[in-house]
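Counting in the working numbering, the sequence shown runs from 1 upward without gaps. Heads up, the beta-carbon is just placed ideally off N, CA and C, and yes, glycines get one too. The structure displayed is predicted, hence computed values, not measured ones.
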Amino acid sequence: MRLHHAALLLPFLAGLVRAETKFVLNKASVAPSLDLVQITVPAGERVVLSIPVLSGNVWFKNGNPIPGANSRVLVIESATPEDNGRYRVGYMGEEANASQELALTVTPSATAAGVGSRLLTFSTRGIAGSGDQALTAGFVVGEDAADASATKRILVRAVGPTLEDFGVTGFLRAPALSIYNAKGEICTSTTTDPIELTKAQLSAGAYPLKPGAADGWAILRLSPGSYTAQVSSNGDAAGLVHLEVYDLP
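Take a look at the structure:
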């Protein structure tokens, strides 16, 4: 299953820039367990979910149809913990003919908690292979209201071998991770030091990658703009991979 497009907007300071998270969901694959997209956003975030143009769309939350939600776009103007749940679209009004599933978690806002900047994470999983079978996700780094040119530290991980620690089989054994800017230029990690990776994982609250494993990762300092993360098998057999993006403090 491929995630053809997913946009993640990361403003720098809560309360200064309106945050928005967007996802375009695909039709589910034959393995629904591989179709789950997970996002965590702070309260007050605007969440926009959409699907390709198809007929008879009905949005479901936790298996129940959402009254009046029958267009290709579902907008949550200001998310609250009451919006937590699993969302998908039933084509022709049937959940059995459904899109991939998105699990939304809304946390208390960073501003209310007295934190200067917020942490927003994005993750999706799927089968990644070579060539056009690569797993691809897009994310957008938003501008700082005080300094439009300010950069942001981002951690991107392509988790394959470490999934074995969680009892997962059929994982991608050596994920090849690449990040591109809107011009198609490759973005290079600021470090290859595993100690820096450990620090970044701790600050992001991410589970640690297995030491010495061939999982892919990059710590980047990115300017505002659109980016694409791509994971491929680098010529090896296709396998399951978990693609994650973390906004670092």
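Determine the DSSP secondary structure at residue i, reduced to helix, strand or coil.
i       : result
Ser-203 : helix
Gln-38  : strand
Asp-83  : helix
Gly-129 : coil
Leu-172 : coil
Leu-209 : coil
Thr-188 : coil
Leu-135 : strand
Under a Cβ-count criterion, where at least 16 other Cβ atoms within 10 Å of its own Cβ denotes burial, should residue i be classed as buried or exposed?
i       : result
Arg-221 : exposed
Gly-56  : exposed
Ala-182 : exposed
Tyr-207 : exposed
With DSSP as the reference, identify every bridge partner of residue i, one or two as the case may be.
i       : result
Asn-64  : Lys-61
Lys-152 : Leu-222
Asn-181 : Tyr-227
Arg-157 : Trp-217, Glu-244
What span of residues does the beta strand (DSSP E) with residue i cover, start to end?
i       : result
Glu-244 : 239–247
Arg-46  : 46–50
Ala-43  : It is not in any beta strand (DSSP E) - Ala-43 carries neither H nor E in the DSSP assignment.
Leu-102 : 102–107
Residue i: beta carbon under 7 Å from a heavy atom of the ligand FMN?
i       : result
Gln-201 : With respect to the ligand FMN, the structure offers nothing, as it holds no ligand at all.
Measuring CB atoms only, is the stretch 55–64 touching the stretch 76–94, in the sense that at least three cross pairs come out at less than 8 Å?
Yes: at least three Cβ pairs fall under 8 Å.
Report yes or no: do three or more beta-carbon pairs, one from the stretch 135–144 and one from the stretch 183–193, lie closer than 8 Å?
Contact between the stretch 135–144 and the stretch 183–193 is absent: fewer than 3 CB-CB pairs across the two stretches fall below 8 Å.
Could you check whether the stretch 209–229 touches the stretch 167–181, counting it as contact only if at least three pairs of C-beta atoms, one from each stretch, sit closer than 8 Å?
Counting C-beta pairs with one atom in each stretch, the stretch 209–229 and the stretch 167–181 have three or more that are closer than 8 Å, which means they touch.
I'd like to know if the stretch 44–51 and the stretch 66–76 are in contact, where contact means that at least 3 CB-CB pairs between them fall below 8 Å.
Contact between the stretch 44–51 and the stretch 66–76 is present, because at least three Cβ pairs lie under 8 Å.
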